[in-house]
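What follows is one structure encoded as structure tokens, with my remarks underneath.
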Amino acid sequence: MTDRLPGFDTLAIHAGAAPDAATGARATPIYQTTSFVFDDVDHAASLFGLQAFGNIYSRIGNPTCAVLEERVAALEGGTAALAVASGHAAQMLVFHALMQPGDEFVAGTKLYGGSINQFTHSFKNFGWNVVWANPDEPSTFDAAITPKTKAIFIESIANPGGVIVDIKAIAAIAKKHRIPLIVDNTMASPYLIRPFEHGADIIVHSATKFLGGHGNSIGGVIVDGGSFNFAGDDRYPMLSKPRAEYGGMVLGETFGNFGFAIACRVLGLRDLGPALSPFNAFLILTGIETLPLRMQRHSDNALAVATHLAKHDKVAWVSYPGLPDDRYHALAKQYCPQGAGAVFTFGLKDGYEAGVKLVSNLKLFSHLANIGDTRSLVIHPASTTHRQLTDDQKTQAGAGPEVVRLSIGIEDKADLIDDLDQALADA
Amino acid sequence: MNHDSYPNDYIRDILMGVKTIALVGASQNPARPSWIVTKYLIERDYDVIPVNPGLAGTELLGRKVYGSLAEIPFPIDMVEIFRNSEAASGITDEALRLVPLPKVIWMQLSVRNDEAAARAEAKCIKVVMDRCPKIEFGRLSGEISWQGVNSRMLSAKKPVLSGKGFQKLSLNRPR
């Protein structure tokens with residue numbers, strides 16, 4: 386192999402996955418074990434002291450999970466990654482490494498509903514305070530930053546679907562204030578958008594969605610861009626101060642441009658514990674091998690379905706950045722020219738009742754609360770995920786009574802369009 | 035040599051070609067990167083000679099510490115500089131006065147001095163700057179991948195166990 390940087394499709398198959406050193410197994414083995422024997426007492430001491438690379442206990446690291454970590458790091462163009470039990474766990478560990486009680490972070494309002502809950506309620510118990518800004522107006526991030534702000538958090542393609550965020554503009558604000566920009570790249574996947582190329586410092590994924598891609602495994606990944614220098618920065622003591630639990634080691638100094646990923650592993654994952662199962666890592670890895678093929682098909686199908694719906698008599702509007710007249714189309718052409726992803730929303734002229742009927746009439750689309758499956762998925766937020774909100778709140782969250790969200794799968798697009806047509810006919 | 039990026043073969047040839055390494059800026063503190071690198075290289079069968087004037091005559095990880103490069107009474111293959119970029123200049127000149135000359139001068143991660151490098155290269159000494167030999171060994175052997183680090187290495191060939199345990203890999207990997 387020469388040093389030439391391999392292409393994305395090659396990395397999706399090979400990165401991190403050499404044949405097994407012990408057996409020569411070509412597929413990545415599932416190392417379904419809690420623990421690993423040490424070569425000798427000195428080796429054990431070196432591993433516990435972070436002085437050698439190796440495996441101790443699967444809560445802290447596992448060779449199957451490590452292949453997933455290196456694979457996603459390579460696809461994103463990062464220095465290192467950490468695989469964890471879910472996307473939510475990834476977010477918890479990222480903020481655990483950055484925040485002290487009383488600190489703040491600024492987040493865009495257009496986020497996965499579960500992240501809004503996590504930031505608003507659970508993080509509050511840790512003394513981590515979220516301040517909201519409008520991702521459609523980057524200057525609102527600038528205005529929200531205070532001396533207590535430790536990071537900015539956005540999604541690249543944002544929930545509830547059909548929103549493209551101007552990463553470069555927000556990255557410039559983060560750089561100006563010398564704070565890291567965290568991007569949740571779940572909806573785009575690195576096939577469509579690689580946020581590090583636009584100035585992000587840290588990426589999080591729900592690998593449950595497009596990375597795994599088959600709706601069979603919950604998982605999350607943190608990727609270190611290696612671009613933010615934590616060493617010597619007193620605002621980030623987890624990385625810049627001597628750690629008593631590691632004999633006074635300064636993680637940001639010892640591990641250089643992958644120190645953030647190591648801190649998430651040896652402080653966050655070790656002590657808070659949301660480890661990924663090696664079996665889930667294997668399934669997600671197998672999914673990633675076809676990520677480029679799937680993601681292109683997801684996007685092509687979504688554009689075909691969105692185009693069809695936009696012309697339909699019963700449809701009031703379609704919000705998909707792939708459509709030429711969409712408000713985010715220019716940003717989509719800039720950030721994801723290969724396609725605008727699989728997930729989008731549309732509105733029914735006949736409101737709530739039509740939404741409920743549509744969902745129950747569909748035969749191929751599965752009614753469930755997930756995205757990024759090979760199968761096409763549908764949800765009517767007003768009657769499910771957002772039903773506890775008032776009508777005003779629903780509208781503000783992009784979940785008004787007439788709104789339907791689709792996650793378009795990789796089936797034949799003609800069958801998806803037929804299914805929507807027959808379901809709309811009686812909705 | 036362009037010192038912004040190094041071909042993998044350049045680094046691999048250095049790490050496979052040297053045996054005796056004088057490590058300038060050695061530390062007795064196990065939390066310091068220089069101590070960790072010293073220990074790691076010893077475990078990979080390198081003959082590491084710690085150099086630090088403040089620790090001269092003491093023992094570090096079972097090795098005698100020398101006060102300067104000039105005091106080492108036998109030939110060394112590589113000088114590894116664990117000091118800042120400015121200090122690297124003087125240490126490079128000390129290395130260039132050694133007889134015989136070392137084959138390699140290696141400046142640690144974050145240490146770079148292009149003028150010193152040019153003086154060494156004029157004497158046909160290979161130079162590496164702003165790199166860590168532990169990270170590079172881990173990257174080229176495959177060990178660093180266990181920590182989820184992007185090794186930037188793809189291979190359909192089996193990594194090779196070092197023969198010294200289950201969790202140590204060798205640089206002797208087919209390419």
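Chains as they are written, first to last, in my numbering: chain A, 386 to 812; chain B, 35 to 209.
Glycine included, every Cβ here is placed at the ideal spot set by N, Cα and C.
Which whole runs of the beta strand (DSSP E) in the region 667-710 of chain A are 3 residues long or more, in chain order?
Entirely contained in the region 667-710 of chain A, the beta strand (DSSP E) runs reaching 3 residues are, in chain order, 700-704.
Closer than 8 Å is the cut-off here; do at least three beta carbon pairs connect the region 468-480 of chain A with the region 682-692 of chain A?
The way I'd put it, the region 468-480 of chain A doesn't touch the region 682-692 of chain A; fewer than three beta-carbon pairs between them come closer than 8 Å.
Proximal residues of chain A, C-beta to C-beta of tryptophan 180 (chain B) below 7 Å
Near tryptophan 180 (chain B) (Cβ distances below 7 Å), the residues of chain A are Phe438, Gly439, Asn440, Gly446, Pro448 and Ala451.
Going by other Cβ atoms of all chains shown within 10 Å of its Cβ, with 16 needed for buried, is asparagine 642 (chain A) buried or exposed?
Its Cβ being crowded by 16 or more others within 10 Å, asparagine 642 (chain A) is buried.
Bounding residues of the beta strand (DSSP E) (the contiguous stretch that carries glycine 493 (chain A))
Its beta strand (DSSP E) spans residues 489-493.
Opposite phenylalanine 731 (chain A) in the DSSP bridges: which residues?
Partner(s): A:Val703 and A:Val789.
Go through its chain and collect everything with a Cβ distance to lysine 202 (chain B)'s Cβ below 6 Å, but skip five positions before and after it.
Within its own chain, the residues whose Cβ lies closer than 6 Å to the Cβ of lysine 202 (chain B), once the five positions on either side in sequence are excluded, are Ser196, listed in chain order.
Have a look at phenylalanine 664 (chain A) and glutamine 417 (chain A) and give me their C-alpha separation to the nearest angstrom.
Taking the straight line from one Cα to the other gives about 7 Å.
Below 8 Å, can you find three or more Cβ-Cβ pairs linking the region 694-704 of chain A to the region 650-669 of chain A?
Look at the beta carbons and you see the region 694-704 of chain A not touching the region 650-669 of chain A: under three pairs across the two are nearer than 8 Å.
Does the contact criterion of 3 or more C-beta pairs under 8 Å hold for the region 494-514 of chain A versus the region 699-708 of chain A?
Segments in contact, no.
Residues in the region 162-174 of chain B with C-beta within 9 Å of chain A's C-beta atoms, listed in sequence order?
Taking 9 Å as the cut-off between beta carbons, the residues of the region 162-174 of chain B near chain A are Cys166, Lys168, Ile169 and Gly172, in sequence order.
For glutamate 455 (chain A), return the contacting residues in chain B, with the cut-off set at a CB-CB distance below 8 Å.
Glutamate 455 (chain A) reaches chain B at Ser179, Gly182, Val183, Asn184 and Ser185, counting residues in chain order whose Cβ is nearer than 8 Å.
What separation, rounded to the nearest whole angstrom, lies between the Cα atoms of leucine 747 (chain A) and valine 741 (chain A)?
The straight-line gap from Cα to Cα measures roughly 11 Å.
Should alanine 459 (chain A) be flagged as near chain B, meaning a C-beta pair shorter than 8 Å?
It does; some Cβ of chain B falls within 8 Å.
Taking Cβ-Cβ distances below 8 Å as the criterion, which residues of the region 187-205 of chain B are in contact with chain A?
Taking 8 Å as the cut-off between beta carbons, the residues of the region 187-205 of chain B near chain A are Met187, Leu188, Ser189, Ala190, Lys191, Lys192, Pro193, Val194, Leu195, Lys198, Gly199, Phe200, Gln201, Lys202 and Leu203, in sequence order.
How would you call histidine 752 (chain A), buried or exposed, if buried means at least 16 neighbouring beta carbons within 10 angstroms?
Exposed is the call here.
According to the Cβ coordinates, are alanine 466 (chain A) and alanine 458 (chain A) closer than 8 Å?
Contact: yes.
Glycine 463 (chain A) versus alanine 629 (chain A) - alpha carbon distance:
Their backbone Cα atoms lie some 28 Å apart in a straight line.
For leucine 478 (chain A), go through chain B and note every residue whose CB falls closer than 7 Å to its CB, in chain order.
Below the 7 Å Cβ cutoff, chain B contributes no neighbours of leucine 478 (chain A), its closest Cβ being approximately 13 Å away.
How would you label methionine 49 (chain B), buried or exposed, when you count the other beta carbons within 10 angstroms and need 16 or more for buried?
Note that residue 49 (chain B) is leucine in the sequence shown here, rather than methionine. Around the CB of leucine 49 (chain B), 16 or more other CB atoms lie within 10 Å, so the residue is classed as buried.
Could you check if leucine 390 (chain A) is buried or exposed, using at least 16 other CB atoms within 10 Å of its CB as the buried criterion?
Only exposed fits leucine 390 (chain A), as fewer than 16 other CB atoms lie within 10 angstroms of its CB.
Using a 10 Å radius around the Cβ and a threshold of 16 neighbouring Cβ atoms, would you call lysine 734 (chain A) buried or exposed?
Exposed, since its Cβ has fewer than 16 Cβ neighbours within 10 Å.
Is DSSP giving proline 663 (chain A) helix, strand or coil here?
Looking at proline 663 (chain A) - three-state DSSP - the assignment turns out to be helix.
How is the alpha helix (DSSP H) around glycine 124 (chain B) delimited, first residue to last?
DSSP places glycine 124 (chain B) in the uninterrupted alpha helix (DSSP H) bounded by 121-130.
What's the call for phenylalanine 438 (chain A), buried or exposed, on a 16-neighbour Cβ count within 10 Å?
Of the other Cβ atoms in all chains shown, 16 or more fall within 10 Å of the Cβ of phenylalanine 438 (chain A); this residue is therefore buried.
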